[in-house]
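Residue numbers (this note's numbering): 87 to 258.
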């Protein structure tokens, strides 16, 4: 079943993974704000699976900042959208899934934190790369919408080829 080409099949794979891996608290104990953030995250995952860069960028603030698992830093909504365009072009079967484990909301300030696990999969030559780790996201409520301002991804496991053998360097 790898690589996943069909959008419906991709969606089903994402749903299965989210259901199988999600150890979240019961919906009844979530605030409406937390449920809203989880909904935006689910739509973001689906947009990535669909390689829809315009929709995934709708979940970000204008000054959105990412520190990737390879230590690269990308600042700005448009720069990050273009980065996804480049990734999708180079890796046509790539899929990234973020699974929230904990979301803490401070409604008075319109901010929230999200911690969870992420995974990425793609084919590179004849190698099937699988990488996973933890992430942190900072959310802001702007004009009634929850948007992601920052994401930081830390890898904890990588297998499948030479990609995993190249330790990313921290650039000063």
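For glycine and all other residues, C-beta sits at the position ideal for the given N, C-alpha and C.
As the structure is a prediction and not an experimental result, all values here were calculated from the model.
For residue i, the nearest candidate out of the options (CA to CA)
i, options, result
"residue 237", "208, 168, 214, 225", "225"
"residue 170", "120, 150, 137", "137"
"residue 140", "159, 149, 151, 166", "166"
"residue 195", "210, 145, 119", "119"
"residue 176", "148, 188, 232, 209", "209"
"residue 153", "121, 164, 211, 222", "222"
"residue 134", "198, 188, 178", "178"
"residue 115", "157, 188, 143", "188"
"residue 147", "240, 211, 241, 197", "197"
"residue 211", "246, 131, 132", "246"
"residue 241", "252, 204, 132, 256", "204"
8 angstroms Cβ cutoff met for residue i and residue j
i, j, result
"residue 273", "residue 250", "The structure shown does not extend to residue 273, since the chain is modelled only from 87 through 258, so no value can be given for it."
"residue 117", "residue 180", "no"
"residue 219", "residue 155", "yes"
"residue 230", "residue 217", "no"
"residue 248", "residue 213", "yes"
"residue 143", "residue 234", "no"
Cβ separation of residue i and residue j, assumed to be a contact under 8 angstroms, to the nearest whole Å
i, j, result
"residue 163", "residue 174", "With 8 angstroms as the limit, residue 163 and residue 174 do not qualify as a contact, their Cβ atoms being about 17 angstroms apart."
"residue 232", "residue 158", "Incorrect: roughly 25 angstroms between the Cβ atoms, too far for contact."
Decide yes or no for the touch test of the segment 122-129 against the segment 183-198: beta carbon pairs closer than 8 angstroms, at least 3 of them. yes
In chain order, which beta strand (DSSP E) runs of at least 3 residues are fully inside the segment 201-234? 213-228
In chain order, each alpha helix (DSSP H) run of at least 4 residues that lies wholly inside the segment 107-156: 118-135, 139-143
In chain order, which alpha helix (DSSP H) runs of at least 4 residues are fully inside the segment 152-199? 163-176
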